[in-house]
Amino acid sequence: MLTSLLAIFLSFFLQKNLQQQTHLEIRFSNVVDNKPVSPDSSYTNSFGENYTIQRLKYYITNIELVNTKNHKRTTIADSYFLVDNSNEDSRVISLPVNDGSYDAISFLLGVDSLHNVSGAQSGALDPMNGMFWTWNTGYVSIKIEGRSTASNLPQNLIEYHLGGFKGPDKVNQRINLSFPRSNIELSNNKTIVVYVKADLNLFFNSVHSLPIKTNPACTSPGRLARQYSENYATIFSIDKIENK
Amino acid sequence: MTIKLFTILSILSGTVSVSNSVESCRKGETAKTNTTGTPLKQEIPAGFPEPVYKFQNNPLTEEGFVLGRKLFYDGKLSKDGNFPCASCHQQYAAFATFDHPLSHGFNNQFSFRNAPVIFNEAWQKEFNLDGGVNNIEVQPLAPITAHNEMSETIENVIFKIKEDTSYAPLFKAAFNDNTINSQRVLKAMAQFTVSLVSGNSKYDKVKRGEASFLFYEQHGYELFQTHCTTCHPEPMFTDFSYRNIGLAADPSLKDYGRMKITNDSNDSLKFKVPSLRNVAVSSPYMHDGRFWYISQCIRHYRDGIQKSATLDPALINGIQLTEREIADVNSFLRTLTDSSFLRNPRYADPEHKTILSPDVH
Chain B
1 MLTSLLAIFL SFFLQKNLQQ QTHLEIRFSN VVDNKPVSPD SSYTNSFGEN
51 YTIQRLKYYI TNIELVNTKN HKRTTIADSY FLVDNSNEDS RVISLPVNDG
101 SYDAISFLLG VDSLHNVSGA QSGALDPMNG MFWTWNTGYV SIKIEGRSTA
151 SNLPQNLIEY HLGGFKGPDK VNQRINLSFP RSNIELSNNK TIVVYVKADL
201 NLFFNSVHSL PIKTNPACTS PGRLARQYSE NYATIFSIDK IENK
Chain A
1001 MTIKLFTILS ILSGTVSVSN SVESCRKGET AKTNTTGTPL KQEIPAGFPE
1051 PVYKFQNNPL TEEGFVLGRK LFYDGKLSKD GNFPCASCHQ QYAAFATFDH
1101 PLSHGFNNQF SFRNAPVIFN EAWQKEFNLD GGVNNIEVQP LAPITAHNEM
1151 SETIENVIFK IKEDTSYAPL FKAAFNDNTI NSQRVLKAMA QFTVSLVSGN
1201 SKYDKVKRGE ASFLFYEQHG YELFQTHCTT CHPEPMFTDF SYRNIGLAAD
1251 PSLKDYGRMK ITNDSNDSLK FKVPSLRNVA VSSPYMHDGR FWYISQCIRH
1301 YRDGIQKSAT LDPALINGIQ LTEREIADVN SFLRTLTDSS FLRNPRYADP
1351 EHKTILSPDV H
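What follows is the structure, given as structure tokens:
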């Protein structure tokens, strides 16, 4: 009796507690030249190569809120998320955050090295999510699979599974995105929504020129994966910020 | 006031810090797996160093061990049910594959390398002959998903284990509730494999003053200490390093070892130095199982070294032993056989208690 009474009280206070938390919501939209990524569309990259994207998944981890003026970085604990383009819910990350004034967000595309050596994990980091290399332990940071007439592989496949967390083969990229207006106050239990756009054409051509014809696939750690990672570090930008 | 009351209520009902777990289903959890059950103590044989495995993240329990053992012997972990871990890792062969250079896998395929022994894993930092796996907990994923070994997907393994009603009570006993996920499967399997400890051979008994070497064994031991301990130091009989011991790559396998993992040509033809404990029962030898006899291995160091850029500096002049000396080193190596380990019913398939084991010592 006493226990159930306590449970009722507890759930009430828990709910109250949840409602009273300020939230940051990050909404990812994956596009190619402002056209949403969908398995039924086809795209053209800056080399004039046609391609499709059947599957697109990436890890967003170690999210931080940044105030560049006072150099304060607030790390959001246990922030590990797998964005899967085919799953709308996964493209929305909602985080309870501490009140404060911020002018940028920052996250790691990929999984930090500690979590690459920590053995069996669950949730977003469950190896069942298909983002884990079993033969050379480590998480894949981003997976892009599709087809392109520029590819000489069977079925014109294109396949980019980019991973590697050690030494020169490290592909984890910290991505810093400044808010378009100056500081944003996160307070009063409000929810701020940050719309982040990822333009996949930059994956092939930004820091490095990597035409599909030359590299229709990259599925192991190494120099090429590293080059792609320097490209994908540039694909994200903030579209807009809204109060919910 | 509200906060205070909340805290008090939380403590009273045994539920603390739930308020921030809205997203817990998506979070990556490293260390917390609510283990429950009867605590087990890791066996550390006399003279062994401290294990490297982080037991605090996966506290050993009898129930976890029992669950892990059942999984190790369960064919459901493979695509067609024929290849449990134990099909390539047989207790009587110190958990290597008895009598097979390469092991059998799904659909009449062979493994790429000679199956390694499994014991004293809690002292290993890296796994597989190329060291590609960095934590014993995720080691089983490599053979499970290899198309020529168990040829299964992790998803399907979890599905099949959930379907098998005999598992739910074992998960509840080991982890507090019936949840079955890959993390728990892997943690339980690690509990079994790190518990496979071999440190009770004749050699160990001699070290403990409970037995003495025969004349030839003693002579072999002295030769071993002079010629072999750079790579196979006591008491683990491996230094856990990767070395090129001058074996030419098999032209059909084209296996360059650790280079595949590091992308570094300095690692070409390097493989992990195996422990020599139980070496007498784990034939055939080398990463591709090319040698059937211990004496062939020792002669390789004398006569067979292939020079290449990455050849281990310790082997540039080979190991010059006479046939008599080779026989004595061989005698010594046979004192590393640990019958109590090879026949321990605790490590055997709980559904088939018979253990075939060579009668040694």
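Residue numbers (my numbering), protein chains in the order written: chain B, 1 to 244; chain A, 1001 to 1361.
Beta carbons: idealized from backbone N, C-alpha and C, even for Gly.
Whole-angstrom distance between residue j and residue i, CA atom to CA atom
| i | j | result |
| --- | --- | --- |
| Ser-1331 (chain A) | Tyr-1285 (chain A) | 17 angstroms |
| Ser-1339 (chain A) | Thr-75 (chain B) | 53 angstroms |
| Tyr-1347 (chain A) | Asn-1156 (chain A) | 26 angstroms |
| Ser-187 (chain B) | Met-128 (chain B) | 37 angstroms |
| Gly-100 (chain B) | Asn-1178 (chain A) | 41 angstroms |
| Leu-299 (chain B) | Leu-56 (chain B) | The shown model of chain B, from 1 to 244, leaves out residue 299 (chain B), and the question about it has no answer. |
| Arg-1258 (chain A) | Gly-1131 (chain A) | 7 angstroms |
| Val-1281 (chain A) | Lys-1125 (chain A) | 24 angstroms |
| Glu-1163 (chain A) | Glu-1351 (chain A) | 19 angstroms |
| Ile-1261 (chain A) | Trp-135 (chain B) | 9 angstroms |
| Lys-1054 (chain A) | Asp-1312 (chain A) | 31 angstroms |
| Ile-105 (chain B) | Ala-1122 (chain A) | 41 angstroms |
| Asn-152 (chain B) | Ser-1275 (chain A) | 45 angstroms |
| Ser-1182 (chain A) | Phe-1213 (chain A) | 47 angstroms |
| Ala-1249 (chain A) | Tyr-1256 (chain A) | 7 angstroms |
| Gly-1075 (chain A) | Ser-1151 (chain A) | 12 angstroms |
| Thr-1061 (chain A) | Arg-226 (chain B) | 42 angstroms |
| Asp-126 (chain B) | Phe-1072 (chain A) | 20 angstroms |
Which residues DSSP lists as bridging residue i, in chain order
| i | result |
| --- | --- |
| Ser-106 (chain B) | B:Glu-64, B:Asn-176 |
| Asp-199 (chain B) | B:Val-31 |
| Pro-1039 (chain A) | A:Thr-1061 |
| Gln-1091 (chain A) | According to DSSP, which records beta bridges pairwise, Gln-1091 (chain A) is partnered with nothing at all. |
| Ser-209 (chain B) | B:Asn-205 |
| Ala-217 (chain B) | B:Glu-159 |
| Asp-100 (chain B) | The displayed chain sequence assigns Gly, not Asp, to residue 100 (chain B). Looking at the DSSP assignment, Gly-100 (chain B) forms a beta bridge with B:Leu-186. |
| Val-194 (chain B) | B:Ile-26, B:Ile-241 |
| Gln-1109 (chain A) | A:Gly-1105 |
| Trp-1133 (chain A) | Just to set this straight, residue 1133 (chain A) is Val in the shown sequence, not Trp. BP columns for Val-1133 (chain A) point to A:Phe-1127. |
| Arg-1346 (chain A) | DSSP, once it has assigned bridges, lists no residue as partnering Arg-1346 (chain A). |
Terminal residues of the alpha helix (DSSP H) in which residue i lies
| i | result |
| --- | --- |
| Asn-231 (chain B) | 223-232 |
| Phe-81 (chain B) | Run containing Phe-81 (chain B): none in the alpha helix (DSSP H); it sits in the beta strand (DSSP E), 80-84. |
| Ser-1342 (chain A) | Residue 1342 (chain A) is actually Leu in this sequence, not Ser. It spans 1339-1342 - the alpha helix (DSSP H) in which Leu-1342 (chain A) sits, taken as one unbroken run. |
| Lys-1207 (chain A) | 1202-1207 |
| Ser-113 (chain B) | 113-116 |
| Lys-1223 (chain A) | Before going further, note that residue 1223 (chain A) is Leu rather than Lys in the sequence given. From DSSP, the alpha helix (DSSP H) with Leu-1223 (chain A) extends over 1215-1227. |
| Leu-1336 (chain A) | Taken as a continuous stretch (DSSP letters only), Leu-1336 (chain A) belongs to no alpha helix (DSSP H), as it is neither H nor E. |
| Arg-1113 (chain A) | Premise fails: Arg-1113 (chain A) is in no alpha helix (DSSP H) and is neither H nor E. |
| Ile-1261 (chain A) | 1259-1262 |
Listed by chain order, chain B residues near residue i by CB distance under 7 angstroms
| i | result |
| --- | --- |
| Asn-1134 (chain A) | Val-117, Thr-137 |
| Glu-1155 (chain A) | Met-128 |
| Thr-1145 (chain A) | Thr-134 |
N- and C-terminal bounds of the beta strand (DSSP E) containing residue i
| i | result |
| --- | --- |
| Lys-72 (chain B) | 72-75 |
| His-161 (chain B) | 157-163 |
| Pro-96 (chain B) | 92-97 |
| Lys-240 (chain B) | 236-243 |
| Glu-145 (chain B) | 138-147 |
| Glu-185 (chain B) | 184-186 |
Chain-ordered neighbours of residue i on chain B, where CB pairs are closer than 8 angstroms
| i | result |
| --- | --- |
| Ile-1413 (chain A) | Given a span of 1001 to 1361 for chain A in the structure shown, any question on residue 1413 (chain A) remains unanswerable. |
| Leu-1141 (chain A) | Pro-127, Phe-132, Thr-134 |
| Asn-1057 (chain A) | Ser-118, Gly-119 |
| Thr-1038 (chain A) | Neighbours of Thr-1038 (chain A) on chain B: none; closest Cβ ~21 angstroms, over 8 angstroms. |
| Thr-1322 (chain A) | The premise fails here: Thr-1322 (chain A) is roughly 42 angstroms from chain B at the closest Cβ pair, so nothing lies under 8 angstroms. |
Interface partners of residue i on chain A, CB under 7 angstroms
| i | result |
| --- | --- |
| Ala-120 (chain B) | Glu-1137, Val-1138, Ser-1182, Gln-1183, Leu-1186, Lys-1187 |
Nearest candidate by alpha-carbon position, reference residue i, set the options
| i | options | result |
| --- | --- | --- |
| Lys-170 (chain B) | B:Asn-176, B:Asn-183, B:Arg-223, B:Ile-184 | B:Arg-223 |
| Lys-1160 (chain A) | A:Ile-1180, A:Lys-1270, A:His-1147, A:Ala-1146 | A:Ile-1180 |
| Ser-209 (chain B) | B:Gln-20, B:Glu-49, B:Thr-61, B:Asp-112 | B:Glu-49 |
| Phe-165 (chain B) | B:Lys-244, B:Asn-87, B:Gln-21, B:Leu-114 | B:Leu-114 |
| Ser-1308 (chain A) | A:Thr-1193, A:Gly-1246, A:Cys-1231 | A:Gly-1246 |
| Leu-200 (chain B) | B:Ile-212, B:Asn-189, B:Ala-120 | B:Ile-212 |
| Lys-69 (chain B) | B:Lys-197, B:Asp-239, B:Ile-184, B:Asn-243 | B:Ile-184 |
| Leu-1193 (chain A) | A:Phe-1127, A:Asp-1099, A:Leu-1223 | The sequence given here places Thr at residue 1193 (chain A); Leu does not occur at that position. For Thr-1193 (chain A), the nearest C-alpha among the options comes from A:Phe-1127. |
| Lys-1272 (chain A) | A:Thr-1337, A:Ala-1173, A:His-1287 | A:His-1287 |
| Glu-1234 (chain A) | A:Ile-1044, A:Glu-1043, A:Pro-1039, A:Pro-1049 | A:Pro-1049 |
| Asn-189 (chain B) | B:Asp-84, B:Gln-54, B:Pro-96, B:Ser-42 | B:Pro-96 |
| Phe-47 (chain B) | B:Asn-215, B:Phe-28, B:Ser-122 | B:Asn-215 |
| Lys-1070 (chain A) | A:Leu-1315, A:Gln-1191, A:Asn-1134 | A:Gln-1191 |
Residue i CB to nearest heavy atom of the ligand ATP below 8 angstroms
| i | result |
| --- | --- |
| Leu-1141 (chain A) | With respect to the ligand ATP, the structure shown offers nothing to examine, as it has no ligands at all. |
Partner residues on chain A for residue i, Cβ-Cβ distance less than 9 angstroms
| i | result |
| --- | --- |
| Asp-169 (chain B) | Thr-1262, Asn-1263 |
Under 8 angstroms by beta carbon: chain A residues contacting residue i
| i | result |
| --- | --- |
| Pro-221 (chain B) | Asn-1263 |
Chain-ordered chain B contacts of residue i [CB-CB under 9 angstroms]
| i | result |
| --- | --- |
| Thr-1061 (chain A) | None at all; the shortest Cβ gap to chain B is about 16 angstroms. |
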